[in-house]
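Q: Okay, handing you the structure first.
Residue numbers (the numbering used here): 5 to 504.
Written as structure tokens, this is what we have:
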């Protein structure tokens, strides 16, 4: 049998050689004048190109080998109890016809309790040789038991040291020592386009320590809707369910992020993943280990994003920054020179492009720290030194939700009087005009202006009365940008749109 196969293989090889020779002969002698066809051939790959590719390939291999021992699979178990009645109980219970002849049915069936075990899966990374592990809060949230499987295959029961739902970070601890662990990289120095690797356990424990590669697609992603404090690294490194809590590492094998979530329409990877930056992770982790809770810095401002209309009204070059709409009483910001209407553009030299970035920058800074805040005020840059306070649980750190902002002025106002103050629950001692009607579909309605809002400024000019308001409006040209400062409830906000 074997000799037959070999013989056939040799015959096939001889036939192939003959065909090749014939083909070459035809190619040479059939087209003697076509030198391009006769001499065309694939250019050999230059050795230095291959060498560069081999070096990059070896780098990926080395990074994966160095990082994988510090990556763990996190499995959780949650016990659910459900009370139910026997569906095949007495069929005539509470039946009026039956009770008419036999009297009320007196036996009361006792509900039975069934127990279900809900399993969960995620990833984590060892960040300390003594067994501290970082993962996502949503991986271990509401779990009755948490287990960690290390690279050597051993399964350990894990203790939850602390968790922070506001950043979706949790810290676990296993009773081991001399563990291989990762070091933190500086996520602030991470650049868009930089190569990163993601490691975790997608879909199943059987796929533990899966390594994928991509780049940093963007930084500072906020308003994603995943956590209260958002400053995500966006990456196209493949992240799937089960990768949550695993590390995102740079080419130095340093931890630069904790993989958290993906944007998908199919439930699987579609090229958009998010990771919590390592600087935020390290701050949260240190606080949870040392204090058992997260201690955050507090500035004491209410902030909002900047629309195109606001940028035009404030003479800003772009929409980057966070607009200060109100300053809290007895706050660090109130004690300093910060003012309503300031646009915060940097904190300690770190560029602030959105309210989310400001929240993250302040929250990740320890109370008592002196920070240098750069603002734009009246078109000029100004630096302000502020000592941060401590954010308490009852203080909101979120920016004001204004809804969409667009074009056109279309609303009516009246002078503030007792009747309107009672109707809209306004402070009669305030100065301004009351919005008593907003036309649907106008720039004002799209900007978020509502009936009952008290206008106290128009284009940064004080509005004390109806005559003040009418005088300012009379000087406006068609297409002018409108910037309103209003009081709504116990908060002041800025709204902007264009006058048609």
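Think of the CB as a built atom: it goes at the ideal place given N, C-alpha and C, for glycine as much as any other residue. Just so we're clear, the structure is a prediction, and the values are computed from it rather than from any experiment.
Can you tell which of 450, 495, 458 and 432 has the C-alpha that lies nearest to the C-alpha of residue 440?
A: Nearest C-alpha to residue 440: 458.
Q: Residue 489 by DSSP, collapsed to three states: which one?
A: Strand.
Q: Who are residue 236's beta bridge partners in DSSP?
A: Paired residues: 225.
Q: Quick check on the burial criterion: 16 or more other C-beta atoms within 10 angstroms. Buried or exposed for residue 169?
A: Classification for residue 169: exposed.
Q: Measuring only the C-alpha atoms, how far is residue 383 from residue 442?
A: Straight-line Cα distance between these residues: approximately 31 Å.
Q: I'd like to know if the segment 240–249 and the segment 216–227 are in contact, where contact means that at least 3 CB-CB pairs between them fall below 8 Å.
A: At 8 Å Cβ cutoff, the stretches touch.
Q: Which residues in the same chain have their Cβ closer than 6 Å to the Cβ of residue 230, if we skip the five residues on either side of it in sequence?
A: Once the five neighbours on either side are set aside, the close Cβ partners of residue 230 are 265.
Q: With residue 472 as the anchor, note down where its alpha helix (DSSP H) starts and where it stops.
A: That run of the alpha helix (DSSP H) goes 470–478.
Q: Where does residue 376 fall in DSSP's three states?
A: Strand, per DSSP.
Q: Residue 254: buried (16+ other C-beta within 10 angstroms of its C-beta) or exposed?
A: So residue 254 ends up on the buried side.
Q: In whole angstroms, give me the CA-to-CA distance for residue 405 and residue 308.
A: In this predicted model, residue 405 has a pLDDT of only 34, less than 50, meaning its place in the structure is not dependable enough to derive any value.
Q: Buried or exposed for residue 313, going by 16 or more other Cβ atoms inside 10 Å?
A: Buried is the call here.
Q: In angstroms with no decimal places, state the Cα-to-Cα distance between residue 201 and residue 76.
A: Rounded to whole angstroms, residue 201 to residue 76 spans 16 Å at the Cα level.
Q: Straight-line CA distance for residue 366 to residue 349?
A: Approximately 13 Å between the Cα atoms of the pair.
Q: Is residue 438 helix, strand or coil when you go by DSSP?
A: Strand, per DSSP.
Q: Does DSSP put residue 295 in a helix, in a strand, or in coil?
A: In this structure, residue 295 counts as helix in the three-state DSSP scheme.
Q: DSSP state of residue 502, grouped into three classes?
A: Residue state, collapsed to three classes: strand.
Q: Residue 214 bridges to which residues according to DSSP?
A: Looking at the DSSP assignment, residue 214 forms a beta bridge with 204.
Q: Suppose you measure from the CA of residue 436 to the CA of residue 487; what does that come to, to the nearest Å?
A: So the two alpha carbons sit approximately 15 Å from each other.
Q: What do you get for residue 352, buried or exposed, if any count of 16 or more other CB atoms within 10 angstroms of its CB means buried?
A: Per the 10 Å Cβ criterion, exposed.
Q: Decide if residue 30 is buried, meaning its Cβ has at least 16 other Cβ atoms within 10 Å, or exposed.
A: For residue 30, the pLDDT reaches just 38, beneath the cut-off of 50, and the residue's location in the model is therefore unreliable, leaving the point undetermined.
Q: Go through its chain and collect everything with a Cβ distance to residue 410's Cβ below 7 Å, but skip five positions before and after it.
A: Any answer about residue 410 is weak, because its pLDDT of 31 lies below 50 and its placement is not dependable; what the coordinates show is given next. Cβ neighbours of residue 410 beyond the five flanking positions: 447, 450, 451 and 501.
Q: Can you have a look at residue 422 and say buried or exposed, based on whether 16 or more other CB atoms are within 10 angstroms of its CB?
A: By the 10 Å Cβ count, residue 422 comes out exposed.
Q: Indicate the three-state DSSP secondary structure (helix, strand or coil) for residue 484 in the structure shown.
A: Residue state, collapsed to three classes: coil.
Q: Ignore the nearest five residues each way along the sequence and tell me which others in residue 172's own chain have a CB closer than 7 Å to its CB.
A: These residues qualify, in order along the chain: 140, 141, 142, 230, 231, 264 and 280.
Q: Tell me whether the beta-carbon of residue 461 lies closer than 8 Å to the beta-carbon of residue 438.
A: No, the Cβ-Cβ distance between residue 461 and residue 438 is not below 8 Å.
Q: Compare the Cα-Cα distances from residue 135 to each of 181, 153 and 148 and report the closest residue.
A: Closest option to residue 135, Cα to Cα, is 181.
Q: Do residue 192 and residue 300 count as a contact pair if the criterion is CB distance below 8 Å?
A: No. Outside cutoff.
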